[in-house]
Amino acid sequence: MKNILVHTLLLIVFTLMLVGDSFPEMPIIGGVSIVIWFIAIIIIYFIIFKVKAIDTSDPLYRFKTQLVLTVYVVGLIFFLDVIGGQSQIGISPENEIFWLIVFVSVIDLVFQWRRVKRLNEQTEK
Numbered sequence: 000m001k002n003i004l005v006h007t008l009l010l011i012v013f014t015l016m017l018v019g020d021s022f023p024e025m026p027i028i029g030g031v032s033i034v035i036w037f038i039a040i041i042i043i044y045f046i047i048f049k050v051k052a053i054d055t056s057d058p059l060y061r062f063k064t065q066l067v068l069t070v071y072v073v074g075l076i077f078f079l080d081v082i083g084g085q086s087q088i089g090i091s092p093e094n095e096i097f098w099l100i101v102f103v104s105v106i107d108l109v110f111q112w113r114r115v116k117r118l119n120e121q122t123e124k
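Here the sequence shown is numbered in numbering that gives the first Met the number 0, starting from 0 and rising by one per residue.
Right, dumping it as C-alpha cells:
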C-alpha cells in the first residue's frame with residue numbers, strides 16, 4: 000500500500016513540475032521555481048528509500064515501476080507539447096537529448112526484462 004501511495008505522490012510531483020515548466024503563466028503551479036520541484040523530487044526519493052517503499056530485491060517490480068514511470072512521463076511530455084506547452088528548460092519531443100534519454104531508458108528496460116526472464120527460468124528449473 001505504501002508503494003502505491005509514494006509512487007502516486009512521485010507521479011503527482013512530476014506532473015506538476017512538467018505542467019509548471021510547460022505553462023509558466025499558470026497561477027500557482029507556473030510560479031514555482033523548477034529548483035523547488037527538483038528538491039521535492041529528491042525529498043520524495045529520500046522518503047522512498049528511507050521507509051523502504053520500493054522493494055529493490057524484486058526485479059519484476061522494479062521493471063514494472065520503471066516501465067510505468069517512463070511511459071507516463073514520455074506520454075505527459077507529448078501531451079503537453081500537443082496542447083501548446085513550451086518547456087522553459089527544453090524538455091520536448093523536438094529536443095535530441097530527450098530522445099537520447101528515452102532511448103537509454105528503453106535499453107535499460109530491455110536489460111531489466113531479460114534479467115526478469117532469466118530469473119524466472121532459473122526458479123522454474
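We put the CB at the ideal spot given by N, CA and C, even for glycine.
Computed from a prediction, not measured in an experiment: that's the story for all the values here.
Check                                                                                                                             : Outcome
Where do the ends of the alpha helix (DSSP H) carrying E123 lie?                                                                  : 95-123
Taking the straight line between their C-alpha atoms, what separation do you get for I35 and Q85?                                 : 19 Å
Note down the Cα distance separating I28 from A39, rounded to an integer number of angstroms.                                     : 13 Å
Below 7 Å CB to CB, which residues in the same chain sit around L8 once its five sequence neighbours on both sides are set aside? : I43
To the nearest angstrom, report how far apart V70 and F77 are at their CA atoms.                                                  : 11 Å
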